[in-house]
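The block underneath contains the structure these notes are about, expressed in structure tokens.
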Amino acid sequence: MTKEQKLYPESQEFELKKSFVGFVDILGFSNLFPKKTQMCLKLLSEFTSHNGEHFDKLLDTGERQIRAAAVCFSDNIVTSIPTITNHDKPDLFYRPLIAFLHALSFFSYRAFLNGMYMRGAIACGDMYQTESVVAGEPLIEAVRYEKVALYPRIILTPSFKQQLDLFIKGSPYGWSKKDIYTNCHIEQDEIDGTHYFNWLGFHKSNPLSNRSNTKQSEIIQTEIMCESFIRKEIEKEKDLATLQKLYWMKHFLEKSISKEIIKNQILA
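Residue numbers are given in the UniProt record's numbering: position 4 of the sequence shown equals residue 4, and the series is strictly consecutive.
Shown next, in the form of structure tokens:
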């Protein structure tokens, strides 16, 4: 009998948990790594600070604090968090969803600050995850759809949309589909009609501390600076595939900046 057979007898069953799972690719990482190795390693370390474990803790205040697990391998990140669909207890689905989206927006913004962009997909289904093993059909689906995403965006897979629609049918908190899509910053791309997660819009309001005037100003200035940088990159770039990604990101930032200008005009 081998050591592996002793550790994992045939009768043992590995527990699968219904989970949200995201697979993202850090675009530009391979080119940047040789030039800024320490910065890239620091970025990956920030992403995996939870040691691949899902964090769920009841605080002394009685509040439940949850965080998604994250595992990195080179320029790819897998993040997941268990969830439960129960129409009588919408928090069991919605709170993990927000924690999951928060992780994705955090990863995307940190990469964004360092001149890199995320492309990926999010799915939902039965998953198995430990510190060293991540496996499940939704992960396979997310990996497949990451390539379909094409542009620097995080798209929704059929399994994710199916589970979200099932949740919405229960009219959680009295919200409509539009309310939930707005709160989660799920939008439809004007180019091809694909639904994607607007991580930047989400980051502007999550966590609550990001809503301060100081933080909002910082984020907007970062958007303007990055949009200007992308314009210069477009002028130099010759590769068509790269140009498509840059133009998409430029349009994405221009839309986001325009929204802020309109909002400020209304508030003035």
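Here a beta-carbon is modelled for each residue, glycine too, at the ideal position from N, C-alpha and C.
Proximal residues to residue i (C-beta, below 7 angstroms), its chain only, five neighbours per side dropped
i                 : result
tyrosine 196      : Arg153, Ile154, Ile155, Leu156, Glu187, Asp189
leucine 43        : Arg110, Ala111, Asn114
phenylalanine 55  : With a pLDDT of only 48 at phenylalanine 55, under 50, the local geometry of the prediction cannot be trusted, and no value is derived from it.
phenylalanine 167 : Thr85, Phe93
valine 143        : Phe23
glutamate 227     : Lys250, Leu253, Glu254, Ile257
For residue j and residue i, the rounded distance between their alpha carbons
i                 : j                 : result
glutamate 223     : phenylalanine 93  : 32 angstroms
phenylalanine 112 : threonine 85      : 33 angstroms
methionine 249    : proline 90        : 34 angstroms
glutamate 146     : glycine 120       : 4 angstroms
glutamate 233     : leucine 246       : 8 angstroms
serine 171        : phenylalanine 160 : 17 angstroms
glutamine 138     : lysine 17         : Reading off the sequence shown, one finds proline at residue 138, where the question assumed glutamine. Roughly 11 angstroms between the two C-alpha positions.
isoleucine 122    : glutamine 129     : 16 angstroms
phenylalanine 252 : isoleucine 98     : 22 angstroms
lysine 35         : glycine 28        : 12 angstroms
glutamine 38      : glutamate 237     : 26 angstroms
glycine 201       : glutamine 163     : 22 angstroms
valine 71         : glutamate 131     : 8 angstroms
glycine 52        : tryptophan 199    : A caution first: glycine 52 carries a pLDDT of 41, below 50, which makes its placement in the model unreliable, though a value can still be read off. For glycine 52 and tryptophan 199, the distance between alpha carbons rounds to 21 angstroms.
phenylalanine 100 : serine 30         : 26 angstroms
glutamate 254     : aspartate 179     : 24 angstroms
aspartate 165     : aspartate 239     : 39 angstroms
glutamine 221     : methionine 118    : 20 angstroms
Residues of its chain near residue i, where Cβ-Cβ distance is below 8 angstroms and the 5 sequence neighbours each way are ignored
i                : result
lysine 204       : Asn210, Arg211, Gln216, Ile219
glutamate 141    : Ala121, Ala123, Gly125, Thr157, Pro158, Ser159
phenylalanine 14 : Tyr128
isoleucine 230   : Leu246, Met249, Lys250, Leu253
alanine 135      : Met127, Tyr128, Gln129
Per DSSP, the bridge partner or partners of residue i
i              : result
histidine 195  : Gln188
aspartate 25   : Asn76, Arg119
threonine 128  : Residue 128 is actually tyrosine in this sequence, not threonine. Partner(s): Ala135.
proline 82     : Ser19
alanine 69     : Ser80
isoleucine 155 : Ala121, Tyr196
Residues near residue i in its chain [Cβ-Cβ closer than 6 angstroms; skip 5 each side]
i                : result
asparagine 76    : Asp25
asparagine 206   : His102
isoleucine 257   : Glu223
histidine 87     : Gly170
lysine 259       : none
methionine 1     : At methionine 1, the pLDDT of 47 sits below 50, so the modelled position is not reliable; the number obtained from the coordinates is stated separately. Correct list: empty, nothing qualifies.
phenylalanine 33 : Cys40
threonine 194    : Ile155
Supposed contact pair residue j and residue i - C-beta distance, whole angstroms, cut 8 angstroms
i                 : j                : result
phenylalanine 20  : cysteine 184     : Rounded, the Cβ-Cβ distance is 11 angstroms, inconsistent with contact.
threonine 79      : alanine 103      : 5 angstroms
phenylalanine 107 : phenylalanine 47 : 6 angstroms
glutamine 244     : tyrosine 173     : Glutamine 244 to tyrosine 173, Cβ: 39 angstroms. No contact.
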